[in-house]
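In our numbering, the protein residues as written are 1 to 428.
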């Protein structure tokens, strides 16, 4: 449904230039074909178009709209540009999200906005804060229709943008940020954190992160640990990360002592995403406590017990005959027969599963915070801590920043598809 928002409402403007002519081999200009028209002001129109009496007309619904003579500088058949786009896409490294950005930049400058936004969606799904993708979105033509941009009520704008793809959400939030009623927009974002819809809550957390990451710490901490949606918890944790204040880890660390296994696991995941080195030592301490629990990798064993399942039967085994005063008395000898089994049991199954899940989340969070990978066991991580704890304890000097997977070095531009121009900083 969001393809409805990907059209440009551009009108010809600026000084008159010579009328562009179709390239060699192109279909006759009088033919009513899908074309991409490049306008004098730098914009594009993608529509069914034809040339009549030296001027171009584009189809809008059932009507034909005539453009100002000389306003079109270049015309290409849509199918020709799409064929070239498919060829360039073969050179995009799908394993490196940043390499999609130059390709997306080429697409938008060729008038393929829908395809460009799809490439940026893929980039932002892999890396929500990819700087080149966000910079390209910031330079997108403002004439692009984005969901909710025309709504006067910020709450309605957020509701419409919540179900859009990630790139359109970024554009919608940027449109909200440009509004003069800043306080009203901020209040709408804060109210939306309590929405019944996880999509709206996630969008509100993203909006707060883009506008004021450290202004609503209490609400973000609550959602980062207690929200039922994993996407909402992640967006709130990213907002707390961008607050650049290690003090926000304190309430999350307190949640590690919760009686609820789900709350503890959510807190561990949140600390990993927040990426504050101050959380390393508490997480290792929790991992050490679990190492001696069932399934934690330690030598502790659950207390053993025994249970008997069976039956007992009484029977007369023999008679003891006694003679007294000339009379014989039969004294029966009663014995028992036991039938059944004795079992040696330890009830640890349910608790072991909880410890295993929590231990795995702790190791994942520590890997995010430290960049280390000593192994997939609690013992391996505890051994790593013994060798590296001095780097993370207070007063031990500067901490080594976490090692993150390489993206694109700041000094080296991303790989550009062959025959595709490098990304531009700004679009006109």
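We put the beta carbon where it would ideally sit given N, CA and C, even for glycine.
What does the alpha-carbon distance come out to for the pair residue i and residue j?
{"i": "residue 23", "j": "residue 178", "result": "Residue placement at residue 23 cannot be trusted, given a pLDDT of 48 that sits under 50; what the coordinates show is reported in the next sentence. If I take the Cα positions, the gap works out to 40 angstroms."}
{"i": "residue 385", "j": "residue 377", "result": "13 angstroms"}
{"i": "residue 401", "j": "residue 81", "result": "Confidence is the limiting factor: at residue 401 the pLDDT is only 47, short of 50, which leaves the residue's position unreliable, though a coordinate-based value still follows. Rounded to the nearest angstrom, the two C-alpha atoms are 45 angstroms apart."}
{"i": "residue 112", "j": "residue 46", "result": "8 angstroms"}
{"i": "residue 299", "j": "residue 343", "result": "Caution is warranted here: a pLDDT of 47 is assigned to residue 299, below 50, making its placement in the model unreliable, and no coordinate value can be reported."}
{"i": "residue 51", "j": "residue 196", "result": "52 angstroms"}
{"i": "residue 156", "j": "residue 292", "result": "52 angstroms"}
{"i": "residue 373", "j": "residue 72", "result": "57 angstroms"}
{"i": "residue 430", "j": "residue 362", "result": "In the structure as shown, the chain begins at 1 and stops at 428. Residue 430 is therefore absent and cannot be evaluated."}
{"i": "residue 6", "j": "residue 104", "result": "For residue 6, the pLDDT reaches just 39, beneath the cut-off of 50, and the residue's location in the model is therefore unreliable, although a value from the coordinates is still provided. Answer to the nearest angstrom: the Cα atoms are 14 angstroms apart."}
{"i": "residue 308", "j": "residue 315", "result": "21 angstroms"}
{"i": "residue 102", "j": "residue 131", "result": "12 angstroms"}
{"i": "residue 135", "j": "residue 243", "result": "21 angstroms"}
{"i": "residue 38", "j": "residue 137", "result": "20 angstroms"}
{"i": "residue 161", "j": "residue 167", "result": "10 angstroms"}
{"i": "residue 212", "j": "residue 182", "result": "11 angstroms"}
{"i": "residue 108", "j": "residue 125", "result": "19 angstroms"}
{"i": "residue 404", "j": "residue 306", "result": "In this prediction, residue 404 scores a pLDDT of 44, lower than 50, which makes its location untrustworthy; no coordinate-derived value is stated."}
{"i": "residue 371", "j": "residue 278", "result": "14 angstroms"}
{"i": "residue 55", "j": "residue 237", "result": "55 angstroms"}
{"i": "residue 12", "j": "residue 49", "result": "Confidence at residue 12 is low in this model, with a pLDDT of 35, below 50, so its placement is unreliable and the value that follows should be read with caution. Roughly 15 angstroms between the two C-alpha positions."}
{"i": "residue 127", "j": "residue 97", "result": "7 angstroms"}
{"i": "residue 133", "j": "residue 367", "result": "26 angstroms"}
{"i": "residue 248", "j": "residue 163", "result": "30 angstroms"}
{"i": "residue 351", "j": "residue 358", "result": "Residue confidence is low: residue 351 scores 48 on pLDDT, short of 50, so the model does not pin down where it sits. Its coordinate-derived value is still stated next. Taking the straight line joining both Cα atoms gives about 11 angstroms."}
{"i": "residue 228", "j": "residue 251", "result": "18 angstroms"}
{"i": "residue 141", "j": "residue 91", "result": "26 angstroms"}
{"i": "residue 258", "j": "residue 265", "result": "10 angstroms"}
{"i": "residue 10", "j": "residue 36", "result": "Reliability fails at residue 10, whose pLDDT of 33 lies under 50, so the model's placement of it is uncertain and the value that follows must be treated cautiously. One C-alpha to the other measures close to 13 angstroms."}
{"i": "residue 430", "j": "residue 319", "result": "Because the chain here runs from 1 to 428, residue 430 falls outside it and cannot be looked at."}
{"i": "residue 337", "j": "residue 380", "result": "54 angstroms"}
Compute the distance between the beta-carbons of residue i and residue j, then report whether it is under 8 angstroms.
{"i": "residue 201", "j": "residue 223", "result": "yes"}
{"i": "residue 233", "j": "residue 269", "result": "yes"}
{"i": "residue 175", "j": "residue 189", "result": "no"}
{"i": "residue 165", "j": "residue 121", "result": "yes"}
{"i": "residue 369", "j": "residue 272", "result": "yes"}
{"i": "residue 387", "j": "residue 283", "result": "no"}
{"i": "residue 206", "j": "residue 246", "result": "no"}
{"i": "residue 239", "j": "residue 209", "result": "yes"}
{"i": "residue 317", "j": "residue 333", "result": "yes"}
{"i": "residue 288", "j": "residue 382", "result": "yes"}
{"i": "residue 219", "j": "residue 193", "result": "yes"}
{"i": "residue 285", "j": "residue 354", "result": "no"}
{"i": "residue 106", "j": "residue 88", "result": "yes"}
Measuring alpha carbon to alpha carbon, tell me which of the options ends up nearest residue i.
{"i": "residue 263", "options": "276, 221, 141", "result": "221"}
{"i": "residue 60", "options": "40, 89, 41, 32", "result": "32"}
{"i": "residue 392", "options": "275, 314, 39", "result": "275"}
{"i": "residue 57", "options": "34, 41, 43, 42", "result": "34"}
{"i": "residue 216", "options": "187, 362, 173", "result": "187"}
{"i": "residue 147", "options": "169, 141, 133, 138", "result": "169"}
{"i": "residue 154", "options": "167, 185, 137, 136", "result": "185"}
{"i": "residue 172", "options": "183, 159, 180, 382", "result": "159"}
{"i": "residue 495", "options": "93, 267, 261", "result": "Any answer about residue 495 is impossible in this case: the structure gives the chain only from 1 up to 428."}
{"i": "residue 75", "options": "238, 115, 110", "result": "110"}
{"i": "residue 471", "options": "53, 310, 54", "result": "Any property of residue 471 remains undetermined from this structure, which presents the chain solely from 1 to 428."}
{"i": "residue 100", "options": "180, 123, 287", "result": "123"}
{"i": "residue 180", "options": "319, 375, 152", "result": "152"}
{"i": "residue 256", "options": "53, 280, 162", "result": "280"}
{"i": "residue 77", "options": "89, 335, 30", "result": "30"}
{"i": "residue 114", "options": "98, 63, 85, 94", "result": "85"}
{"i": "residue 290", "options": "356, 250, 336", "result": "356"}
{"i": "residue 69", "options": "335, 53, 79, 375", "result": "53"}
{"i": "residue 94", "options": "251, 79, 119", "result": "119"}
{"i": "residue 67", "options": "379, 83, 40, 92", "result": "40"}
What does DSSP give as the partner residue(s) for residue i in the beta ladder?
{"i": "residue 340", "result": "310"}
{"i": "residue 316", "result": "334"}
{"i": "residue 64", "result": "59"}
{"i": "residue 44", "result": "38"}
{"i": "residue 76", "result": "36"}
{"i": "residue 52", "result": "55"}
So with Cβ pairs under 8 angstroms, would you call residue i a contact of chain C?
{"i": "residue 354", "result": "Reference to chain C is not applicable here, since this structure consists of a single protein chain."}
*Which whole runs of the alpha helix (DSSP H) in the stretch 231–262 are 4 residues long or more, in chain order?*
Runs of the alpha helix (DSSP H) inside the stretch 231–262: 249–254.
_Please give the ranges of any alpha helix (DSSP H) in the stretch 120–183, keeping only runs that are unbroken, at least 4 residues long and fully inside the region._
Fully enclosed alpha helix (DSSP H) runs of 4 or longer: 131–138, 154–161, 166–177.
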